[in-house]
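Report on the structure given below.
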């Protein structure tokens, strides 16, 4: 059985962006159904782009797509989207807490740029980053000591 992390490596960035968008929009919905229009507006893309990507996501088994009802993540799609959200949260935490970037737009931009490529570089990047952030109390103390010594 394939893990979510190994599955993520095989999913192109463009598909990850759509899964992420569908997941975020669906969290605001009672039944989890999302419309093509909502995806189009969220990602600021053309309707034809949404339709083409939805076909790919359906073929990949990541979404259920019912005419006139909308789009909903499958179990597999939700696993991938949840993992993307975890990675995004970890990266946001890293950029804002460790690197002390105050500009929220910049933090969002950086985390989005990195999250979709993190698995293309090295398998252990996520685990190393998680360990690094997990020890942040020690890291923050070291950073504070460095600030005090300057």
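Residue numbers (the UniProt record's numbering): 1 to 150.
A virtual CB, placed ideally from N, CA and C, is assigned to each residue, including glycine.
DSSP places residue 64 in the uninterrupted beta strand (DSSP E) bounded by 63–66. Under DSSP, the beta-bridge partners assigned to residue 71 are 34, 65.
Remark: C-beta atoms of residue 115 and residue 91 approach each other more closely than 7 angstroms. Annotated as distal: residue 77 and residue 87, with beta-carbon spacing of 7 angstroms or more.
One Cα belongs to residue 22, the other to residue 103, and the distance between them is close to 26 angstroms.
Scanning the stretch 7–55 from its first residue to its last, the whole alpha helix (DSSP H) runs of 4-plus residues come out as 13–26, 36–43.
If you draw a straight line from the Cα of residue 52 to the Cα of residue 10, it comes to about 18 angstroms. Comparing alpha-carbon positions, the option among 54, 105, 80, 4 lying closest to residue 40 turns out to be 54.
For residue 65, same chain residues with a beta-carbon under 6 angstroms away, outside a window of 5 residues either side, are 54, 58, 71 in chain order. When rounded, the separation of the alpha-carbon atoms in residue 3 and residue 80 is 10 angstroms. Within the same chain, and ignoring the five residues on either side of residue 69 in sequence, the residues whose Cβ sits closer than 8 angstroms to its Cβ are 33. Looking only at 16, 29, 56, the smallest Cα-Cα distance to residue 43 is reached by 16. Shown here, residue 102 sits in coil according to DSSP, grouped into three states, outside any helix or strand. By alpha-carbon distance to residue 132, the top candidate from 106, 94, 14, 75 is 94.
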